[in-house]
Each structure stands twice: as C-alpha cells, then as structure tokens.
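Asks:
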Amino acid sequence: MELAALLTSAGINISLCILFLSLYSILRKQPHNFGVYFGRRLAEAKFRDQVDYFSFERLLPTAGWIVKAYWCTEEEIRRVAGLDSVVFLRLFIFSIRIFSITTFICVFIVLPVNYHGQEMSHTHIPEESLNVYTIANLKEGSPKLWVHCVALYIITIAACILLYQEYKYLSRKRLAHITGSTPNPGHFAVLVRSIPKSGNELLDDTIRNFFVNYHGASYLSHQMIYRKGKLQKFVDNAERAYRKFVRVKLSVFDQNVRSSLNRCGLCGVRASSFQLYRNKFVDAKKSDLTDPEVVEAQKDCPGAIVFFKTRYAAIVASQVLQSSNPMLWVTNAAPEPRDVYWSNLWIPYRQIWLRKIATLSGSVFFMFVFIVPVAFVQSMMQLDQLKRMFPHLKGTLKTSFCVRVITGYLPSVVLLLSLYTVPPLMMRFSSIEGSISRSGRKTSACTKILFFNIWNVFFVNVLSGSVLNQLNVLTRPKDMPSMLAELVPKQATFFITYVLTSGWASLCSEILQVYNLVYNFFRRCIFGYLDEPGYVYSFPYHTEVPKVLLFNLLGFTFSIMAPLILPFLLVYFCLGYLVYRNQILNVYYPKYEMGGKLWPIMHNTMVFSLVLTQIIALGVFTIKNSPVATGFTILLLIGTILFNEYCRQRFARIFNSFSAQDLIELDREDEQSGRMREIHEHLLDAYCQSPPGSGGADDEVPIEMILEDPAQEASNSSQELCDTVQEVAGSIQDHIEEK
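In the working numbering, each residue carries its 1-based index in the sequence shown increased by 10.
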C-alpha cells in the first residue's frame, strides 16, 4: 500500500470523527436526548425539571464536555461508578504514558533508521511504499539493528516499571475498597450447591442440621433457592406495581421533598411499607413447610445461600471442603445481591464441567470459522485479487481515488462490522457456562473476546497470506518467530487503517450512542412516548477492555517493526481517555461491583504483548544475521517472564481473595460499634430472587417496571396487592402532610 492510500483512510476517519464529535456536542444539549446522554444522572434524579425551550446556543458545537470530563477527579469517578471504572481508566493512563515514551523513541530514532536502511533513491513521499518505513527495509547484517535492540530494551524496562507502579497502586485501591466500603452481604454469605437429598426430612431441615452440626458457632441462617413458582411470581408482580406506582407519585414532588426521603434502591421512597408486606409472604413461605407445593419445590431446589455471623467464618466455609465427597455440599463465596445471576443457580452442579467443555469447544470452533471473513478482508487489500473476484469493477479500479478507498479504508470497515457478531455470541457462551454471578459472566466473556481478538484480528491477519502459513504455525511452532518476523512488517499498513477505523471512529460512535439515539428518535417521534426510558445500561467492560488491550498489543508489536502506527495509537488513547470518562460520568450506571478484578487480566495481556514483541524481534534479528542482538533479546525475554512471575506472587492474590487480617479487623470494628446486629437483621432481606427471564438483561438496569395499567394488574393479581398500593399511597400522603 502506498502512503497516499493511508492518508486517504486517515482523512475519511478524521472527517467522521469531527462530524460525530460536533453532532454529539449539539445533540447532548437537546432536552429530548437527556435519556440517551445522561442516563446515569437521570437514574439519580437529575434533569427532571429541565424546560424544553429554544436557544441558539444549543445548536452550536462546544467542547465543554471535554473540560468537565478531564477535570473530574479519580475519587469522584470511584464514588459514582465504582472501582472498576477507575481500573479501566488507569489502563488508559498506563497506555498514554508508555506510548508517549515509545512514540518519542521510535518515531524520532527508529523510523529514520528504517527509512534510510538501504541505499536507494526515494521517490515523492506520498507515492512511496509504506514498507520503506518498516524494519524490512534494513539489509542483512546491518549494524543499525542495534538501534532497534536498544529501543526494545528501553520500551520493555519502561513498560515493566509502569506496570509495577499500576499494580501496586491498584492493589492499595482494592484493599481500601474492601475495608472502607459499606458492609457487603456477600461477605457474610456462602452459596451451597449439590445438597444431598434425604427421604426423611426436607432440604430446609437438611441444610440447617448440617451447618448447625459443623458450623454451629458461626452459622446464622440460610435462604433456599427456589425455581420460580406462584408465590415468587406474586411477589414479583407486587414489586413491579409498587415501583411503577411510586415512580408516578414521585413525579409530582419537587426535588427537595424527594431528597428528604429514606431511599430504597432506585425507587426513592421509604421501604418500610413494602418491606413489611414482602416479609409477610417470605415468613409464610418459610413456616408452611408442610404445604405440598413447598415440598414439591424443595425437591427441585438447586441450592441455598447460607449466612454466617462473621466475614471470616463465611470466607473459611467457602474455601474448605464440606464433605469427603467433593461433589456434595459444594460451597462458593456468594456474589453481592445485585451481582447474583439467578438463572444459573438452577443449573445442576454436576453439569458445570460439561458446559465449560462445550462452550470452550464452541468458542474455538467459532474462532476458526471466523478465518473466512478475515481472509476476505485481506483479499480486498490486493488489487489483483479484487480484479479476479469482481471483474465488473475493473473500470472503477482504474480510478486512483477509488483504489485508495477500496484498498485502504474498506477492509478495516468490513472487519469491524464482522466483529460486531462476536460479543453477543461470547456472552451467550459465558451464560451457558454456568457462572453464578453477572460479573463472573462478564469476566468470562471478556477473556473469550480477548483471545478471539488476539487470534483472529492479529495472528490470522498476519498469517493470511496463504492457508499454508496458518497451517505451518500449527504444525511447526518452532518456525513461528521467523515467520512472524517476516510477515508482521508487511501487515503494518492494514493495522494502521484498523486503528483509524476500529479505534478513532468507534470512539466517536460510542460517544454519539448511535443505536440509542435512533431508538430514542423512533420512541419519541414515531410512537409518541414522552417519558424517559425505564432503564440505563451498565458499562460494557467485556467489549471495551479487549479492544483497548488489542491496541496495546498492536502498539508493542509494531513499535520497532513499523513505528508509523504509534502516533495514531497515541491519539486513540488520549481521545479514549476523555470519551470514556465522559461516558462513565454521564451515561453508564454501575449495577454491580467487580472490585477491580479485571486488572490482572490487563496486566497479563500487557506482559504477553511484551513477550510477543520480543519473540518477533528475536526472529527479525535472526533473519537479519545479528547474533549479538539475538542474544541480548533472549536475556530480555527471560527478564520479562521473571518480572511477571514476581508481580503474580506479590499482587495477584490480592485481587483473587481476601486476607484474614482485613476480614477479622472489619468484624471486630462492627462488633465493637454495635453494627453487627443490624447487619445480621438485613442479611435475610438482602437477596431477592428474580425471575429466570431477567437473568440475561445484564446490561440494562431497571429504573422502573412499566405496566400498561397498574391498577388493573393489581386487581388481577390479588386483593393483597391492592392493599399494598393503598398502603404505599397512604404512606406518601402522610409524609406530605408532615411536611
């Protein structure tokens, strides 16, 4: 590819970025778009009193959102969006720092060395092949390869120092998050599955007798996990009617009245009335164990949530074997209430390993099937192949501008559109896998998408010159360094255009929220709904983290091979840092907290990128007949692996488990302050089992449960539901009279 084709692709993407950012700065000011661009703040009762008036200022693009996003402190972000958002943004901070160093070294030192690697007369720069800017332009045995070796050392050492600092910083943040946050019911709870059935007693009694016998001093209570039955459906209907009714009533209150209420979740009203109502049915459900319906439900009970008196007792019970048979009385630390993936708790424990094997096989199969569209994308970059595949385009392909667009811009667009099918499928695989928490499902999907991107976007595109190359990697892994060393520089042009399309343009599409904007337009202008949507989305870590990590991998692997990609990556990281800060502050609502557990995945991927870069450099130095540089690269490779092992031993366990010291100190503080009794009283009501169908809507956070006719729904359910609505209305009316 010529430099002119790259400049054409860059021009198209830069124009799209300017257009999208300008549209965003205008559309975000329109009151009817507040539900699209301020979903999180709407969930916290902001923008409710905005008046829809015309103003010319709303039609002018401004950059005020950039200033607000940049100057917001990290503590404010942690407070409104949780530790996970801080970890994600620290990934961008690390990327900006390391690639600022890398860009300076490689663009101003390595790139001129590559350009003047051979004695040749250079043509006009726009007409030059991009290969002259890569390491392939150096001749064999060139002493200039020492420049690349030294640059590789500087980049690796700088990356290791920054990674260590980030790991240490985030470890302290996680420990502070554990010890400084409000009591988490999940710290006192253990999920028990594969409970042995007895013909002489109910499962409820079996669980109680077992834990009283073996954990008598620390056992507090337990809650059975039932399949959704009539009683649970009734309670769910009551909750939906309650939330809708309260939402409608509160819409007539001013902000001062709402802020003085004792909030219940997202509803914004006192919880005492409905909580007493709900407890009345829960108590009836527990006491009537001779009811045939309850007995039948307990036969299919997949497990229970067991509560302990202290955090330390719960974590010990979750990590030790409860029986000499490892397949019975299986315990895991329970997720926090908002994080429980209820529909997967009904999966028999004995099926879990089969499901994991099946989903792994399906993921691997899909990775290899996806080679077909990647091969098609690569064929679009070859003008001769395009003429053979599409003979009717021969006239169009004679125009230089069309050739530049087709070979420089369209391949990355086609690949980007194809990749949109990956996240939903991987999320589905992760659901089938049997994760007990929503965060675990999202983490599993994140890992699958990351592997998919590294294989299909990087390796398959690099090796897509022929099917023989792909087979050689599998059959002759020893030849992989030299093969990658030969092929990676040749694919630099494609990955530069991929960064422009999948990086720059996708960031602008993210901030514009194209899908939600179109949906909001049809909802308001076509169907006539004037209220805001009843949900906001949680942040899609499973799609964004793999994307950012892939760009880091591209930056490291091409740093000394084809440095021309680095300025485009640096712009992406700077723009992404501002865009995602804005989205976290205004758009996405944190439904649950993962406690920063994604950072070890990020760290390991960075180290893998460094190791892969060194392996490719090792192959290059071998091909170029530079044995001394090869030897020094081997030493660097060993040092990087040892560094990763040290970080794993020093920090990794902080993100995977809790320390006895922290848990015991927290228990002592709660006991001395008298809060422990209050915590115990709220444990039984903390876990509210949701219907099976709601388990899949992980990215949507309900603000209100919309019913077509709440009064009619209550009448059809039962008389008790009507009494509940009346009780809530009376409570609100009493509060108004008090004011």
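Note that the Cβ used here is the ideal one computed from N, Cα and C, for glycine as well. For clarity, every value in this text was computed on a predicted model and none was experimentally measured.
1. Between which two residues does the alpha helix (DSSP H) carrying N526 extend?
2. Taking only three categories from DSSP, how would you classify T18?
3. Taking the Cβ atom as the reference point for each residue, do C82 and T643 lie within a distance shorter than 9 angstroms?
4. Given a cut-off of 9 angstroms, decide if A79 and V202 are closer than it, judged by their beta-carbon atoms.
5. Hey, would you say the C-beta of V330 is under 8 angstroms away from at least one heavy atom of the ligand GTP?
6. Is the distance from the Cβ of R448 to the Cβ of Y359 below 9 angstroms?
7. Report the residue from F468, A199, T72, F462 whose alpha carbon sits nearest the alpha carbon of T430.
8. Could you check whether F98 and Y551 sit closer than 9 angstroms to each other, using their CB atoms as the reference points?
9. Tell me whether the segment 425–441 and the segment 324–341 touch, counting them as touching only if at least three CB pairs, one residue from each stretch, are closer than 8 angstroms.
10. P433: which of Q128, F566, T457 sits nearest, CA to CA?
11. Are the CB atoms of K178 and G606 nearer to each other than 9 angstroms?
12. Considering only DSSP beta bridges, list what T216 is partnered with.
13. Can you check which of these residues, R89, T369, V46, is closest to R533 by C-alpha distance?
14. For G372 and F378, I'd like the C-alpha separation in whole angstroms.
15. According to the Cβ coordinates, are L620 and F566 closer than 9 angstroms?
16. Any chance the segment 318–332 sits against the segment 418–426, with 3 or more Cβ pairs inside 8 angstroms?
17. State buried or exposed for G21, treating a residue as buried only when at least 16 other CB atoms are found within 10 Å of its CB.
18. By alpha-carbon positions, which one of L564, Q593, I594 ends up nearest to L580?
19. Nearest-angstrom Cα distance between L31 and Y539?
20. Rounding to the nearest angstrom, what Cα-Cα distance links Y34 and N43 in this structure?
21. Would a C-beta distance cut-off of 9 angstroms place Y602 and D349 closer than the cut-off?
22. State the DSSP-derived secondary structure class of F232, mapped to helix, strand or coil.
23. Helix, strand or coil: which one does DSSP assign to R38?
24. Where in the segment 303–355 do unbroken runs of the alpha helix (DSSP H), each at least 4 residues long, occur, reported from the N-terminal end onward?
25. Within 10 angstroms of its Cβ, does P122 collect 16 or more other Cβ (buried), or is it exposed?
26. In the structure shown, what three-state DSSP assignment does C277 receive?
27. Which same chain residues, not among the five before or five after Q501, have their C-beta less than 7 angstroms away from its C-beta?
28. Are the beta-carbon atoms of L355 and T453 separated by less than 9 angstroms?
29. Please confirm whether N614 and G151 have their CB atoms less than 9 angstroms apart.
30. Decide yes or no for the touch test of the segment 506–514 against the segment 567–587: beta carbon pairs closer than 8 angstroms, at least 3 of them.
31. I need the boundaries of the beta strand (DSSP E) containing V202, first residue and last residue.
32. Which parts of the segment 89–158 are runs of the alpha helix (DSSP H), unbroken and 4 residues or longer, counting only runs that do not cross its ends?
33. Do you know offhand how far G49's Cα is from N530's?
34. By a C-beta neighbour count over all protein chains shown, 10 Å radius and 16 as the cutoff for buried, is E211 buried or exposed?
35. Can you tell me whether DSSP reads Y430 as helix, strand or coil?
36. Is the beta carbon of W514 sitting closer than 9 angstroms to the one on L26?
Replies: Considering the structure as presented:
1. 524–531
2. helix
3. no
4. no
5. The ligand GTP is not part of the structure shown, which contains no ligands of any sort.
6. no
7. It is worth fixing the name first, because residue 430 is Tyr in this sequence and not Thr. Looking at the Cα atoms, F462 is the closest of the given residues.
8. yes
9. no
10. T457
11. no
12. None, per the DSSP bridge assignment.
13. V46
14. 10 angstroms
15. yes
16. no
17. exposed
18. L564
19. 27 angstroms
20. 10 angstroms
21. yes
22. The question names Phe, but residue 232 is His in the sequence shown. If DSSP states are grouped into helix, strand and coil, H232 belongs with the strands.
23. coil
24. 321–329, 352–355
25. exposed
26. With a pLDDT of only 37 at C277, under 50, the local geometry of the prediction cannot be trusted, and no value is derived from it.
27. N471, V472
28. no
29. no
30. yes
31. 199–203
32. 93–115, 121–125
33. 12 angstroms
34. exposed
35. coil
36. yes
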